[in-house]
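Colleague:
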Amino acid sequence: MNAQDSGSGWFESLDSGDVGAAVGVIRDGSGTEPREWAQEAIDNGAVPDESTYYNWLHEATLAAAREETTERELADDQQLIHAIRSLDDCERVTNELTERLAEWAGTHDADATVDTDFIRELAAMETDNAVKEQMSRFASRVVALDEETQELREFVERRTPDVAPNLATLAGPELAARLISLAGGIEDLAKKPSGTVQVLGAEESLFAHLGGSAPSPKHGVIYLHEAVRDTPPANRGSAARALAGKLSIAARIDHYSGEYRPSLEAELDDRIERIRARDAE
Amino acid sequence: MTLPEGVERQEFDGDTGLATRGEPVYGEPVRDGWRRWDPSRSKLGSMLDLGMDTGLSGGETVLYLGAAAGTTVSHVADFAGPTYAVEFAPRPMRDLVLAAEDRENLFPLLKDARDPDSYSHIVEPVDILLQDVATRGQAAVAVANRRFLADDGLLLMAIKARSEDVTGDPEAVFENVLDELRESYEILETTRLEPYHDDHLGVIARPA
């Protein structure tokens, strides 16, 4: 019931009035062109008249909206963690294979480069040569893996705001997902002190520091955030501390109340601005 | 300029304002079956109140993009015909579902307005395309959903400057969005929605 032909309405091949089956098609179906669906449903005998059609559509859209809303509101942070880790793995493996291929292709073509565009050319190449044919088929797998990486990234961007709306707004969906992943879950993240959030992802440097052989890390994965990255090095530690504080608050609101609080963003901007202004003094 | 049939100015506690007939949705004042339609809570309400020529006469088929919790679209469904309400976020959809339960002609769709393929098998060609989405790329959404609009239909849209560029000058932002809209639409009228909505531009356009 998932894939609808581009030319058919949601009611196609359903028993008239069957709301349960209609929900699946409302949710997962698609089309490329709107048509006079009520009239078509009458013409092909799916419904006797217009009011029956709209009643059925009303019941089906309500049921679909209720069902999917419930599911999305119960979105699972553990699923998100699997997704962001899969994204990282895909990206890493794509890079490794791209390098491997570029090295191989370099023996045939002096212009071989380590980038996706070159791999795409390789995948699209037409050849009678058995070696190049093997290389090209390999390249098409790498291209597919690269596309899957993008799919995973979009999946993470769509899902994170459901799991943690405030954290996703403040950190951006991808960094928010990374923090949840590093902590082990939204609840785990909510319970960490902000000093820990500040250095999540910098475990290696942290342990080196604790072992007495290095200075304390100023930031972990939150370095990806512009509030840290775009602050001059002298103030970066302060910016990281301020950001981690706000991110901790966001994670706690997301876990304990789930209410969206837009003022957090302004508070953070204000704080970072003041930290950066210290330079001017 | 006349109000659509089903929308009237009614008196509420000595104060006159727009109203439609229907079950109350969000705690709005009600009198004799009329529910007050507050222009400061609704972009379309403000467009009507400010006298923009919306072309609405009542009974139209409508696709509403960015329905949120259903404040505006519930009023629309009170005077329009089949009304399709697209909203992407689950939380407001919960409230929209409640508004739709009382309105047989209101069809809630938990869909992304940037992906019209995901509801083209459900939504029929419409007379009115209403858009109030608070995301970057508002023009792209209107252009992508052009397919639903009948050739003699109208796009009624509120552009939110801050959604495109938080720091940019609103007038410059509006110009950019309108330029992009002109790919697919002919702009008929634009009006700033102050004092009801800061940094919003009401736009009426027809398919080019």
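Chains as they are written, first to last, in UniProt numbering: chain P, 1 to 281; chain C, 1 to 208.
Cβ atoms here follow ideal geometry from the backbone N, Cα and C, with glycine treated the same way.
All of these numbers come straight from a predicted model, not from anything done at the bench.
For the beta strand (DSSP E) containing residue 125/P, list its first residue and its last residue.
Modeller: Along the first sequence, read from residue 1 onward, the residue named residue 125/P stands at position 125. No beta strand (DSSP E) holds residue 125/P; DSSP gives it neither H nor E.
Colleague: Can you confirm whether the region 47 to 67 of chain P touches the region 107 to 115 of chain C when touching is taken to mean that 3 or more C-beta pairs between the two stretches lie within less than 8 Å?
Modeller: Contact annotation: the region 107 to 115 of chain C touches the region 47 to 67 of chain P, with at least three C-beta pairs closer than 8 Å.
Colleague: If contact means a Cβ-Cβ distance below 9 Å, which residues of the region 153 to 164 of chain P contact chain C?
Modeller: 158, 161, 162
Colleague: Between the UniProt domain "Nop" (163 to 277) of chain P and chain C, which residues of the former have CB atoms less than 7 Å from a CB of the latter, in chain order?
Modeller: none
Colleague: Say whether chain P places a C-beta atom closer than 9 Å to the C-beta of residue 154/C.
Modeller: Taking the second sequence and counting its residues from 1, the one referred to as residue 154/C is at position 154. Closer than 9 Å: no.
Colleague: With a threshold of 9 Å between beta-carbons, can residue 4/P be considered close to chain C, or not?
Modeller: Looking up residue 4/P in the first sequence gives position 4. A caution first: residue 4/P carries a pLDDT of 44, below 50, which makes its placement in the model too unreliable to give a value.
Colleague: Could you tell me the alpha carbon to alpha carbon distance between residue 200/C and residue 97/P, rounded to whole angstroms?
Modeller: Position 200 of the second sequence, counted from the first residue, corresponds to residue 200/C. Position 97 of the first sequence, counted from the first residue, corresponds to residue 97/P. Each residue's alpha carbon lies about 49 Å from the other.
Colleague: Quick one: list the residues of chain P neighbouring residue 109/C, beta-carbon separation under 9 Å, in chain order.
Modeller: For this step, residue 109/C is matched to residue 109 along the second sequence. 26, 61, 64, 65, listed in chain order.
Colleague: Quick one: what does DSSP say residue 111/C is sitting in, helix, strand or coil?
Modeller: On the second sequence, position 111 is the one that residue 111/C refers to. In this structure, residue 111/C counts as coil in the three-state DSSP scheme.
Colleague: Anything in chain C within Cβ reach of residue 57/P, meaning under 7 Å, just list it in chain order.
Modeller: Here residue 57/P refers to the residue found at position 57 when the first sequence is read from its first residue. Here the neighbours are 107.
Colleague: Quick check: the Cα distance between residue 151/C and residue 206/C, rounded to an integer number of angstroms?
Modeller: Position 151 of the second sequence, counted from the first residue, corresponds to residue 151/C. Position 206 of the second sequence, counted from the first residue, corresponds to residue 206/C. Distance between the alpha carbons of residue 151/C and residue 206/C is about 8 Å.
Colleague: Would you kindly work out how many angstroms separate the C-alpha atoms of residue 132/P and residue 114/P, rounded to a whole number?
Modeller: In the first sequence, the residue the question calls residue 132/P occupies position 132. In the first sequence, the residue the question calls residue 114/P occupies position 114. Roughly 17 Å between the two C-alpha positions.
Colleague: Assign residue 2/P to one of three DSSP states: helix, strand, or coil.
Modeller: For the purposes of this step, residue 2/P is taken as the residue at position 2 of the first sequence. Low local confidence applies: a pLDDT of 41 at residue 2/P is under 50, so the model's placement there is unreliable, with the coordinate-based value given in what follows. If DSSP states are grouped into helix, strand and coil, residue 2/P belongs with coil.
Colleague: In terms of residue numbering, what span does the beta strand (DSSP E) encompassing residue 152/C cover?
Modeller: Mapped onto the second sequence, residue 152/C falls at position 152. Run containing residue 152/C: 149 to 160, per the beta strand (DSSP E) assignment.
Colleague: Using 9 Å as the limit for Cβ to Cβ distance, is residue 69/P near chain C?
Modeller: Counting from 1 along the first sequence, the entry for residue 69/P is found at position 69. Chain C, which has a Cβ nearer than 9 Å to the Cβ of residue 69/P, makes this yes.
Colleague: Ignore the nearest five residues each way along the sequence and tell me which others in residue 3/P's own chain have a CB closer than 7 Å to its CB.
Modeller: For this step, residue 3/P is matched to residue 3 along the first sequence. The predicted model places residue 3/P with a pLDDT of 43, which falls under 50 and marks its position as unreliable; any figure quoted below should be read in that light. Within the same chain, residue 3/P has no close Cβ partners at all.
Colleague: Please list, in chain order, all residues of the same chain as residue 82/C whose beta carbon is under 6 Å from its beta carbon, the five residues on each side excluded.
Modeller: Your numbering for residue 82/C matches position 82 in the second sequence. Counting only Cβ-Cβ distances below 6 Å, and skipping sequence neighbours, we find 61, 105.
Colleague: Would you report the Cα separation of residue 1/P and residue 28/P, rounded to the nearest angstrom?
Modeller: In the first sequence, the residue the question calls residue 1/P occupies position 1. In the first sequence, the residue the question calls residue 28/P occupies position 28. Here the model assigns residue 1/P a pLDDT of 39, short of 50, so the residue's position is not dependable, and the following value carries that caveat. Looking at the two C-alpha atoms, the distance is approximately 8 Å.
Colleague: Would you mind giving the Cβ-Cβ distance between residue 68/C and residue 92/C, rounded to the nearest angstrom? I have them listed as a contact below 8 Å.
Modeller: Here the question's residue 68/C lines up with position 68 in the second sequence. Here the question's residue 92/C lines up with position 92 in the second sequence. 5 Å between Cβ atoms; contact.
Colleague: Does the Cβ of residue 166/P have 16 or more other Cβ atoms within 10 Å, making it buried, or fewer, making it exposed?
Modeller: Here residue 166/P refers to the residue found at position 166 of the first sequence. Buried.
Colleague: When you compare the CB of residue 1/P with every CB in chain C, is at least one pair closer than 9 Å?
Modeller: Indexing the first sequence from 1 puts residue 1/P at position 1. Because the pLDDT of residue 1/P is 39, which lies under 50, any placement of that residue in the model is unreliable, and the number read from its coordinates should be weighed accordingly. Interface annotation, residue 1/P: not in contact with chain C, CB-CB separation never under 9 Å.
Colleague: When you compare only the Cα positions, how much space is there between residue 191/P and residue 171/P?
Modeller: What you label residue 191/P is simply residue 191 of the first sequence in a count that begins at 1. What you label residue 171/P is simply residue 171 of the first sequence in a count that begins at 1. In a straight line, the C-alpha of residue 191/P is about 18 Å away from that of residue 171/P.
Colleague: Quick check on residue 190/C: does DSSP put it in helix, strand or coil?
Modeller: Here residue 190/C corresponds to residue number 190 of the second sequence, with the count starting at 1. Reduced to three states, the DSSP call for residue 190/C is strand.
Colleague: Report whether the distance from the Cβ of residue 178/P to the nearest heavy atom of the ligand ZN is below 8 Å.
Modeller: Ligands displayed in this structure: none; no statement on the ligand ZN is therefore possible.
Colleague: Whose C-beta lies closer than 6 Å to the C-beta of residue 5/P among residues of the same chain, with five residues either side of it excluded?
Modeller: As a position in the first sequence, residue 5/P is number 5, starting the count at 1. Since pLDDT at residue 5/P reaches only 49, below the 50 mark, its modelled position is unreliable, and the value read off the structure follows with that caveat. Nothing listed; no residue qualifies.
Colleague: Whose CA, out of 196/P, 258/P, 42/P, 57/P, lies closest to the CA of residue 242/P?
Modeller: Mapped onto the first sequence, residue 242/P falls at position 242. Of the candidates 196/P, 258/P, 42/P, 57/P, the one whose C-alpha sits nearest the C-alpha of residue 242/P is 196/P.
Colleague: Can you tell which of 71/C, 17/C, 153/C has its C-alpha closest to the C-alpha of residue 23/C?
Modeller: For the purposes of this step, residue 23/C is taken as the residue at position 23 of the second sequence. For the residues 71/C, 17/C, 153/C, the minimum Cα distance to residue 23/C belongs to 71/C.
Colleague: Can you give the Cα-Cα distance for residue 12/C and residue 77/C, rounded to whole angstroms?
Modeller: For the purposes of this step, residue 12/C is taken as residue 12 along the second sequence, with counting starting at 1. For the purposes of this step, residue 77/C is taken as residue 77 along the second sequence, with counting starting at 1. Straight-line Cα distance between these residues: approximately 21 Å.
Colleague: With a threshold of 6 Å on Cβ separation, who are the neighbours of residue 75/C within its own chain once the five nearest residues in sequence on each side are excluded?
Modeller: Taking the second sequence and counting its residues from 1, one reaches residue 75/C at position 75. Same-chain partners within the cutoff: 20, 37.
Colleague: Is it a yes or a no for the region 73 to 88 of chain P touching the region 27 to 41 of chain P, going by three-plus beta-carbon pairs under 8 Å?
Modeller: Here the region 73 to 88 of chain P does not lie against the region 27 to 41 of chain P, with fewer than 3 beta-carbon pairs under 8 Å apart.
Colleague: Could you pull the start and end residues of the alpha helix (DSSP H) that residue 100/P belongs to?
Modeller: Within the first sequence, the letter at position 100 stands for residue 100/P. First-last of the alpha helix (DSSP H) with residue 100/P: 77 to 105.
Colleague: Which residues, in chain order, does the region 5 to 17 of chain P contribute to contact with chain C at a C-beta distance below 8 Å?
Modeller: 8, 9, 10
Colleague: Per DSSP, which one or two residues make a beta bridge with residue 15/C?
Modeller: Within the second sequence, residue 15/C is the residue found at index 15, counting from 1. DSSP, once it has assigned bridges, lists 12/C as partnering residue 15/C.
Colleague: Taking the CB atoms as reference points, tell me whether residue 164/P and residue 176/P lie closer together than 9 Å.
Modeller: Residue numbering aside, residue 164/P sits at position 164 when the first sequence is read from its first letter. Residue numbering aside, residue 176/P sits at position 176 when the first sequence is read from its first letter. Going by C-beta atoms, residue 164/P is nearer than 9 Å to residue 176/P.
Colleague: Using CA atoms only, rank isn't needed, just tell me which of 150/P, 273/P, 124/P is closest to residue 92/P.
Modeller: Here residue 92/P refers to the residue found at position 92 when the first sequence is read from its first residue. Looking only at 150/P, 273/P, 124/P, the smallest Cα-Cα distance to residue 92/P is reached by 150/P.
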